[in-house]
């Protein structure tokens, strides 16, 4: 984690939802205890860019070691960015395998790096391209970027930013390319003091030419001063217990995020002018995403 020395964690992790606690959690697929001091970046859906994929006979590939993903933003799009997590619910399936993606010319596929069978009913959370407040980036682990078990990432939203947040996935690429490298390893991320990097948890040599899709959270994306927004305004700002949102179009939905990318409020729209109750928010800076007829604007809100 930023600001600490970190710990190695060779366990594969997945997501689960605890209906008793009403909270999401991270767990070790091999049922071992979570490593004390380990930390995790968690991607929180911003719009509708995350969907649940459950394996079935209908989406199984010609081999049971891969499953075909299907999403309008994936199909026929070799430049899509795909990041996948194993998901314990809804079928209580532990899924202790390393996964990667590849594009076959038509579809994106999810495969086990070691060639193991993906069981029918295994579930996954699939993030596609990220939301309004994210960068998409494909990193190539070239010889120049590799040092031992580490590959250094070079991206302006990450460089010199120890507080950056991102998720990533190994991408095998399209058949016949230099990216066709198997990475059957547990991977983590680390901030070197100047750059973020991806590393192998078992300290083995980092696989050269392997590629990785990154979705990088950036709270500054889409943020403009209120006066420069022709169709949406937010007042009063700074706000105390409420602020008013006014638009020239029908407001469909409003979502509020803190600067860590965590969604803290979500409410349905109310015509072209509505009040947003901010009394539950602590003092600080927030990003208010206003969706109007399929489009969105993100404004910065200061809470007193």
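In my numbering, the protein residues as written are 2 to 305. Even glycine gets a Cβ: it sits at the ideal position worked out from N, Cα and C.
Which stretch, first to last residue, makes up the beta strand (DSSP E) that contains residue i?
i: residue 12; result: Counting along the chain, residue 12 falls outside any beta strand (DSSP E), and DSSP gives it neither H nor E.
i: residue 1; result: Nothing about residue 1 can be read from this structure; the chain reaches only from 2 to 305.
i: residue 273; result: Run containing residue 273: none; DSSP gives neither H nor E here.
i: residue 37; result: Run containing residue 37: none; DSSP gives neither H nor E here.
Less than 8 Å separating the beta-carbons of residue i and residue j?
i: residue 152; j: residue 199; result: yes
i: residue 208; j: residue 168; result: no
i: residue 101; j: residue 173; result: yes
i: residue 265; j: residue 248; result: no
i: residue 222; j: residue 134; result: yes
i: residue 44; j: residue 128; result: yes
i: residue 292; j: residue 254; result: yes
i: residue 170; j: residue 36; result: no
DSSP puts residue i in a beta bridge; with which residues?
i: residue 214; result: 139 and 170
i: residue 256; result: 267 and 290
i: residue 125; result: 54 and 87
i: residue 199; result: 152 and 190
i: residue 234; result: 247
i: residue 307; result: A query on residue 307 cannot be resolved here, the shown segment of the chain reaching from 2 to 305 and no further.
I want to check one thing, is the minimum distance from the CB of residue i to the heavy atoms of the ligand COA below 7 Å?
i: residue 127; result: Within the structure as shown, the ligand COA is missing, as the structure has no ligands at all.
What would DSSP say about residue i, mapped onto helix, strand or coil?
i: residue 146; result: helix
i: residue 54; result: strand
i: residue 186; result: coil
i: residue 229; result: Note that residue 229 scores a pLDDT of 39, beneath 50, so its modelled location is shaky; the value from the coordinates is reported in the next line. It is helical.
i: residue 95; result: coil
i: residue 303; result: strand
i: residue 111; result: strand
i: residue 69; result: strand
i: residue 297; result: strand
Which same chain residues, not among the five before or five after residue i, have their C-beta less than 8 Å away from its C-beta?
i: residue 94; result: 120, 122, 123 and 124
i: residue 305; result: 239, 240, 241 and 284
i: residue 51; result: 44, 126, 127, 128 and 129
Looking only at its chain, what residues have a beta carbon closer than 7 Å to the beta carbon of residue i, apart from the 5 residues adjacent to it on each side?
i: residue 204; result: 150
i: residue 81; result: 74, 75, 109, 129 and 130
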